[in-house]
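Reading through the structure tokens given below for one structure.
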Amino acid sequence: MKKPISRIIIVCLLMLCMMGALIYRLGTLTIKEGEKWAQTADSRSTQTIAIKGERGRIMDRNGVVLAYSETCYNVEFLRNADNRTSYDSAVYTESLIKAIEIIERSGGQTIDTSYIVMDENGEIAYDWRISGVESSEAIERVRRIRYKNFCEAMYISIKDPAYKEYPKDPTKWDMELWPTAEYAYKYLRKTWYIPEEYTFEQAKKIISIRQEVNLNNYRAYEPITIAYNVGQEVVSEIVERSSELVGVQIAQSTTRVYPRGETAAHIVGYLSRNADTVSAAKLIAMGYTRAQLEPYYLKNDDGTYSMGDDGDYQIKMTDMGYAYSDYIGVSGLEYTMEAYLTGATNEHQGKREVEINKNLSITRELSYAEATNGNDVMSAIDIELQTVCENALGSLITKMREQEQQMIEEDAAKPEKDQKYQGKDITLASTGAIVVMDPRNGEVLASASYPSYDPNWFMQGLTKEQSEYLFGEAATDTTPLRNKAVSARYAPGSIFKPLTGVAGVSEGVVGIDEICLLYTSP
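The working numbering numbers the first residue of the sequence shown as 21 and each following residue consecutively.
Structural data, given as structure tokens:
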């Protein structure tokens, strides 16, 4: 009987020891170290990271896809907010140099958003990249705010000691003593340990990335995209060299694809980056309703609504959920159906809730909610009929141009007294449009505009040749981006020919089965 009792005593003693240890540790945590852990808890907070939905597809009347979002891979940079020493800065710069080399070796390019540029005179200057703002007063206001935010984010001392006491209205700030672009450039090169042998263009690539990181320091737990839609070779090399590419990572994303290229480009349209502040009227043209926009009307410091040059309310698209890196419609259905296609607005966004420490580094994920995608849009266009119309229009204009050129050359060979065209400003045929409608209901089955363009260019980044084609001197006459079927100014011309034909038949001048040519002067 003695053995069982002694075992019970031993077990009880062990349990008492364990309980004592737990009580001691609890006391240490709550009493002795309570203040320390309370401070640690206070230094942690939660943040919500938005997750965007996928943009909807655009299809023709038969369900043929004309635009869709395809999975792609981007290169991102995430600086650990806990690492802020000079050594860390040098390591990050070295990592970015290697990443840029990998990306460019495969034909890719990194973001170019630096406020510091080289002007046409070869001098270093500021370019505040202001878009979506029309009035000179508003432009100056934005310029001053970005100047101040840039200097503070880059830790560049503003020489005027009174700037913190300036009134809220930025147009009243005295900026004559603020740092020049050349000073900021040299300061950043030194601060970020950019190699001395690097040219301005090489250094600007690193400055663009580091600038974006610093300007978004309040959301340091979110990575910055430094290259979009990179190839698999870039993905593989960055993953393989992840140990030496500190802060550089690969992220899955989507890019817009237009499988028909130039065909129906003016109908489908194209995308561009978010335009920041716009008027409510523009957003209504993009498919939004006044009721949807009212909660986002901007207000001035005095509580009054901010009005644009068009007399309508101003809205920041970032308040609606768009990020500056999000694409929005610029023309065609991408523009007019933006409200339905987009998956970037607050209504579509999912959420990732994370816990961050005092340095804004993520410590753990708390919850995750999926985003919802944008809606598909089906047009009345028949893409096969559209293709036929565009091919016919291109062939017709080419033929007309050749005939006109031949007429001019034949005219030049005539005696001077018989010449009709020499010395006159003659514009050869170079543009045109065709519209095919269903007379039963007015649906537009095809709408061709010549010349056209490829919307994929805008997603891949315009080359020098593409920019010249779209915006160069020759584009003044051809205007490839303009949908001439709906926005060009032409004389009525052919729409009067049926009336002339009916009049001729009524008067007996021509027979109902007779073919005749009717000309209208431009």
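Quick reminder that beta carbons are idealized off the backbone N, C-alpha and C, glycines included.
Integer Cβ distance of residue i from residue j, believed to fall under 8 Å
{"i": "residue 488", "j": "residue 400", "result": "At roughly 34 Å, the Cβ-Cβ gap does not stay under 8 Å, so residue 488 and residue 400 are not in contact."}
{"i": "residue 284", "j": "residue 406", "result": "5 Å"}
{"i": "residue 129", "j": "residue 481", "result": "6 Å"}
{"i": "residue 343", "j": "residue 363", "result": "Not a contact, Cβ separation roughly 12 Å."}
{"i": "residue 112", "j": "residue 267", "result": "6 Å"}
{"i": "residue 67", "j": "residue 238", "result": "About 10 Å separates the two Cβ atoms, so there is no contact after all."}
Nearest-angstrom Cα separation, counted from residue j out to residue i
{"i": "residue 29", "j": "residue 44", "result": "22 Å"}
{"i": "residue 541", "j": "residue 404", "result": "Caution applies to residue 541, whose pLDDT of 44 falls short of 50 and renders its modelled position unreliable; the value that the coordinates give is listed next. C-alpha separation (whole angstroms): 32 Å."}
{"i": "residue 375", "j": "residue 294", "result": "29 Å"}
{"i": "residue 393", "j": "residue 428", "result": "57 Å"}
{"i": "residue 300", "j": "residue 337", "result": "10 Å"}
{"i": "residue 532", "j": "residue 525", "result": "6 Å"}
{"i": "residue 21", "j": "residue 42", "result": "At residue 21 the pLDDT is 48, less than 50, meaning the model places this residue with poor confidence and gives no usable figure here."}
{"i": "residue 495", "j": "residue 452", "result": "14 Å"}
{"i": "residue 226", "j": "residue 122", "result": "14 Å"}
{"i": "residue 329", "j": "residue 298", "result": "10 Å"}
{"i": "residue 187", "j": "residue 194", "result": "11 Å"}
{"i": "residue 104", "j": "residue 234", "result": "12 Å"}
{"i": "residue 367", "j": "residue 326", "result": "24 Å"}
{"i": "residue 410", "j": "residue 318", "result": "44 Å"}
{"i": "residue 31", "j": "residue 101", "result": "50 Å"}
{"i": "residue 18", "j": "residue 314", "result": "Because the chain here runs from 21 to 542, residue 18 falls outside it and cannot be looked at."}
{"i": "residue 534", "j": "residue 528", "result": "11 Å"}
{"i": "residue 388", "j": "residue 248", "result": "25 Å"}
{"i": "residue 125", "j": "residue 89", "result": "26 Å"}
{"i": "residue 320", "j": "residue 189", "result": "10 Å"}
{"i": "residue 302", "j": "residue 358", "result": "11 Å"}
{"i": "residue 538", "j": "residue 493", "result": "Here residue 538 scores only 49 on pLDDT, less than 50, and its place in the model should not be relied on; the value that follows carries that caveat. Approximately 34 Å between the Cα atoms of the pair."}
Close Cβ partners of residue i (< 7 Å) along its chain, the five nearest in sequence each way excluded
{"i": "residue 265", "result": "115, 118, 119 and 258"}
{"i": "residue 84", "result": "403"}
{"i": "residue 71", "result": "369, 370, 371, 372 and 391"}
{"i": "residue 145", "result": "137, 139 and 201"}
{"i": "residue 477", "result": "486"}
{"i": "residue 160", "result": "191"}
Neighbourhood of residue i by C-beta distance below 6 Å, restricted to the same chain and skipping five residues each side
{"i": "residue 448", "result": "421 and 424"}
{"i": "residue 230", "result": "212"}
{"i": "residue 346", "result": "294 and 364"}
{"i": "residue 224", "result": "134"}
{"i": "residue 271", "result": "94 and 96"}
Limits of the unbroken beta strand (DSSP E) element including residue i
{"i": "residue 86", "result": "85 to 97"}
{"i": "residue 65", "result": "65 to 71"}
{"i": "residue 269", "result": "268 to 277"}
{"i": "residue 77", "result": "Element bounds for residue 77: n/a, residue is neither H nor E."}
{"i": "residue 370", "result": "370 to 376"}
{"i": "residue 508", "result": "Per DSSP, residue 508 belongs to no beta strand (DSSP E) and is neither H nor E."}
Own chain, CB closer than 8 Å to residue i, minus 5 neighbours either side, in chain order
{"i": "residue 79", "result": "85, 86, 396, 397, 398 and 399"}
{"i": "residue 316", "result": "335, 336, 339 and 340"}
Endpoints, alpha helix (DSSP H) assigned at residue i
{"i": "residue 114", "result": "106 to 125"}
{"i": "residue 425", "result": "403 to 432"}
Taking 8 Å as the cut-off, does the region 199 to 212 touch the region 86 to 99 (at least 3 CB pairs, one atom from each stretch)?
no
With three or more C-beta pairs closer than 8 Å as the rule, is the region 103 to 111 touching the region 190 to 198?
no
Is there contact here, the region 276 to 290 with the region 349 to 364, by at least three beta-carbon pairs under 8 Å?
yes
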